[in-house]
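One structure is given here, and the rest of the page talks about it.
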Amino acid sequence: MTETADAEEAASVAAACDHDVEVLSERTEWDTVVAQSDGLMRLDTSIAAMRTKVSGAWEAIDTTLVPTAAGIEVAAPVIEMSFSDGTPGMPLARLVRDGHELTFDVPFELPEPVVVGSVLEYDEVLDGVDLIVTLAPDATGFSETLRVEDAEAAQQPELASVAFPVAVSEGLEVEPHEGGFVAVDDGVTVFSSPAPLMWDSGADAIPAAEAATPSDALRETRTMRHAARPGQDARASQPTGGDRVETMPVEVTDEAVKVTPSAELLASPETTWPVYIDPSISGKMQDRTAVRDNFPQRYNFTGDEGVGLCHRPTSTTCSSTFKSRLMWDFSLATIGSLTPDQVQSATFSAYGTHSYSCTASRVDLYRTNGFTANTGWSGGPFTSDRYVTNRVISHRAACGTQGLVEFDVTAAAKHVAANDLSAVALGLRANTENTMAGWKRYRYDATLSVVYNRPPSLPTGAVTTLPSTTCVRGSSRPWIRSTTPTLWAGMADPDGNNVKASFELWDISTGKRIWGPVTTAYRYTNRSHSAAVPAGVTANGGRYQWRVKGIDAYGLAGPSLSCEFAVDTAEPAPPAVSPVAGQPAFYDEEGVHGGVGASGSFTLQSSSSDVVSYRYSFTTDSLGSAKSGHPVQVAFTPAEAGPTNLYVQAIDRAGNASAVRQYRFYVAFPGRTASWSLDEGTGTIASNDVAGGPPFTLDPGVTWGAGLLQHEELDPDDGALVFDADDDTASTSGAVVATDQSFTVEATVRLDAIASSATAVSNDGVVNSGFELGMTASSACPTGDGRCWTFRMPSADTSGAPAAVAYSTVPVEQGTWVRLIGMHSRPDDGPETVQLAVCEYSDPADVRPVASEPVDATAAWNSTLPLRIARATEDGEAARPWRGALGEVQVWDGVRSWGQVHDSCARVVQ
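The numbering used here numbers the first residue of the sequence shown as 8 and each following residue consecutively.
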């Protein structure tokens, strides 16, 4: 049979290929879920485990016992099991299931066992007492029996009561349960052991002449009293009809399970030897039992058992006269989650191994109650209200009628669905239990198949447009701005069937349906479906609920999802814009304020009460930014001086947009706080071109020379200061620059000595200069020759303080004029940076600034000492003298825009 991972894929392949496809994700050791080609699903569940995944991959069950370093292990069990190989200290059995572990031991020393197939025999664990371990045929557990050979062996004090040591892993607890015990994890049974039994070999007491009569089925009557070869004692795992059986009392503690054998049975002269003492442990999921009127029940029997009357005078295959009925218990949680109409059919199947004769007789099937290991005769109840169906049939080998028989149990499966049950117990009984004509035997490994069709799932991903809104009901229902919305929802079917969607629209105010139902075309499962509401159905201001459900190819409808919306098609009023006072800059409409880096804020507020957000943008009308609330404040930090536009649009609850409001204001250009043209040509004072600004006072060694324009023969009056000694310098009498604020410093310079670092303009500090504009000789330079133009700002007026340095990629050429423009930006709401622009004059007609990358700077400090040219201060000493000339020097109280920088460079040679 083809296999796929999930139900959707399985249904698709089944339909395309016209054959059953198993859903691997639903597979268990007992269950198989199948997608049929007709679009229905089928659950096949078996009393016996059909496969195992204990190795991590599905494989066939193999009960072969294999010696390993860990003991004797089962080749491929449903539950991981290992048994003692006789090594001292190794427990009798270790079981592992779903990460839980249980060990079960015996209070005797164990010899090395004899292993035959799926049976281990530990000989003489006490005098005349053997221990026999028999695996369940489906490898879900084991039985372990003490075989007591005779009355003398039975008198040993070790058999008065037997305490079997038990240990469990963390999370498991051992508890008494219905005469036996269970190991549970948070109330869920992981391992179980039914009430322990002991039995004698009473069935072997049949007269020899009768015992020689052959049986044509798995017999109720007799087994070998003591096998000639180990592993051949069938009675070692369960009693045979006619054996005397007793249930033993159990005492359960955290460390042991103690059983007390019947002293009466061990001492009775009527006892037929050997006697067997049996606790068993299992991790199986589904149970079966045979209940008899003259014998104890055979819970979880293997092989086969009978239904009807086994009459000793009629047939010597009967060990004695008794009546028997069979019951099986199937887990059906999947079916319990359905409704009765979703159950299409159900079939119970059991293999008939024997009947009294070839004449067909009626066997009846009932929906019984659940049962336990303690359920005895008459089981059931087998009453008329529990009757389901019957078959008239025989199972006699000589007549060729042995085989699988099927019963229609659809009514029982529907009962499970109707009552939200997780299991169903089914029982067989002969229609007549007064004669042996109805006697039949059935194998233990019955199966149950249920065909079902689950409805489509609750729709998901419901969306209403416009705008796209999720599914909400009640007062918080969304508003939309369309009277013809499109309704969307995802449809899925748990069985992979094709699904169509059914849409309806209701007016909340009237409680009436106003549109639909409208159905879509069938689509594969897990697809989206949509329906558009036509014009004229909804109106502005209305409140509506739409409902959607899925319908599968069999017409089975799933649960309905309801969502609501309200309609608002009115456009909100355009927002008003108001500048916020108390900010570094107050940008009122049409006013000139602030400057580059000086932030301001604006309040946006529409007069419409249903506004929920605003779209806005500065300088362009893209409206690329948004902010939720009403009203809201937005901040702006100018990067350029000059006219600036703020574009604003209000958005209401339905997504309606107002007309765009344009608000224009002007960002003030940086103010020139100081400017020295250095054109005097003589004297010791260089005057400041800004009224009231401090002049430069020249040291004696400083001389006057030709400036850039004079050198280029453009202006014979353009002058410069020339510095040709290390102590040549000039300075102001007081502070010019607030170095803890945004500022720009510019100088037209010529450097004649480029071997070492040199500073053109700086601001004095006690220890370090507040900034330095000049040339640095360093391997950090990006020019490749170890020299570059730099703008440098130390982080503090302390020795060794780190500095932020902007490096230019413009090469340093000895004796060549350039203009250096250093900018320190310290905005209110952004990173503090330093940046350098350099302009070369090799072609005076094409002068363009080359900018460095901005470099992050730490919080600047304010140097309140004079501005200085031709050297710097470091560690309190004069440093980095300038050998060359300086033309114009300027200081601005903000960061100049790049347009201004370009104009500044070009102006020098114009």
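Ideal Cβ positions, reconstructed from N, Cα and C, are used throughout, including at glycine.
Margin query: Ignoring anything shorter than 3 residues, give me the beta strand (DSSP E) runs that lie fully in the segment 821–902, in order along the chain.
Written below: 824–832, 840–847, 856–858, 874–876, 879–881, 884–886 and 891–899
Item checked: Inter-residue Cα distance where the pair is G135 and S269 -> 18 Å
Next item on the list: Report the residue from L117, A886 and P201 whose alpha carbon sits nearest the alpha carbon of S764.
Entry: A886
Check: Apart from the five residues on each side of it in sequence, which residues of its chain come closer than 8 Å, Cβ to Cβ, to F389?
Finding: R332, D371, Y373, T375, G434 and R436
Item checked: Own chain, CB closer than 6 Å to D130, minus 5 neighbours either side, in chain order -> D137
Next item on the list: For the alpha helix (DSSP H) holding S19, just list the boundary residues, first then last.
Entry: A14 to C24
Notebook entry, point to check: Taking buried to mean at least 16 other C-beta atoms within 10 Å of its own C-beta, is C317 buried or exposed?
Noted result: buried
Notebook entry, point to check: From R671 to A648, what distance separates their C-alpha atoms?
Noted result: 13 Å
Next item on the list: Please look up how many angstroms separate the CB atoms of L715 and T746, rounded, as I've assumed it's under 8 Å.
Entry: With a Cβ gap of about 27 Å, L715 and T746 do not count as contacting.
Next item on the list: Could you pull out every unbroken beta strand (DSSP E) segment of at least 3 residues lying fully inside the segment 388–421, listed in chain order?
Entry: 394–400 and 410–415
Check: Along the chain, which unbroken stretches of the beta strand (DSSP E) at least 3 residues long are found entirely within the segment 705–783?
Finding: 710–713, 726–730, 750–758 and 765–770
Notebook entry, point to check: When the distance is taken between beta carbons, is T476 closer than 8 Å to P541?
Noted result: no
Check: According to DSSP, what are the bridge partners of T382?
Finding: Bridge partners of T382: none, in fact.
Check: What did DSSP end up calling S475 once you bin it into helix, strand or coil?
Finding: coil
Item checked: Reduced DSSP category for C912 - H, G, I as helix; E, B as strand; rest coil -> helix
Check: Assuming V259 contacts V181 under a Cβ cut-off of 8 Å, what Cβ separation, rounded to an integer in Å, is found between them?
Finding: 6 Å
Checklist line | Same chain, Cβ closer than 6 Å to D628, five either side skipped, listed in chain order | finding: Y654
Notebook entry, point to check: When you compare only the Cα positions, how much space is there between D452 and A167?
Noted result: 36 Å
Checklist line | DSSP bridge partner residues for S624 (one or two, in chain order) | finding: Y654
Next item on the list: Using the DSSP secondary-structure output, state which residues sit across from C365 in a beta bridge.
Entry: Paired residues: none, contrary to the question.
Note to self: Can you check which of these residues, P74, W65, T346 and T471, is closest to T417 by C-alpha distance?
What the structure shows: T346
Checklist line | G549 versus H536, S489 and I692, residue with shortest Cα-Cα distance | finding: S489
Margin query: Let's test the definition: count the other Cβ atoms within 10 Å of the Cβ of V519 and tell me whether it reaches 16, buried, or not, exposed.
Written below: As written in the sequence, residue 519 is Lys, which differs from the Val given in the question. It is exposed - the Cβ of K519 has fewer than 16 other Cβ atoms within 10 Å.
Notebook entry, point to check: So, using beta-carbon positions, are E151 and P286 closer together than 8 Å?
Noted result: yes
Notebook entry, point to check: Based on Cα-Cα distance, which residue from T35, V40, R49 and V73 lies nearest to Y61?
Noted result: Per the sequence presented here, residue 61 reads as Val, with Tyr not at that position. Comparing Cα positions, the closest option is T35.
Note to self: Here's the rule I'm using: 16 or more other beta-carbon atoms within 10 Å means buried, otherwise exposed. How should P120 be labelled?
What the structure shows: buried
Check: So the alpha helix (DSSP H) T187 belongs to, where does it begin and stop?
Finding: One point to set straight first is that residue 187 is Gly, not Thr, in the sequence displayed. Careful: G187 lies outside any alpha helix (DSSP H), inside the beta strand (DSSP E) at G187 to D192.
Next item on the list: Using three-state DSSP, classify D211 as helix, strand or coil.
Entry: helix
Notebook entry, point to check: Under the three-state reduction of DSSP, which class applies to S176: helix, strand or coil?
Noted result: coil
Checklist line | With 16 other Cβ atoms within 10 Å as the buried cut-off, status of N307 | finding: buried
Notebook entry, point to check: What did DSSP end up calling L225 once you bin it into helix, strand or coil?
Noted result: Bear in mind that the predicted position of L225 carries a pLDDT of just 28, short of 50, making it too unreliable to give a figure here.
Item checked: G343 - containing alpha helix (DSSP H), residue span -> A340 to G343
Next item on the list: Answer with buried or exposed for P677, where buried requires no fewer than 16 other C-beta atoms within 10 angstroms of its C-beta.
Entry: buried
Next item on the list: Provide the residue span of the beta strand (DSSP E) that contains A811, from first to last.
Entry: A810 to Y814
Margin query: I'd like to know if the segment 605–620 and the segment 579–589 are in contact, where contact means that at least 3 CB-CB pairs between them fall below 8 Å.
Written below: yes
Next item on the list: May I ask you to list the residues that DSSP assigns as paired with T260?
Entry: Note: T260 sits in no beta bridge, so no partner.
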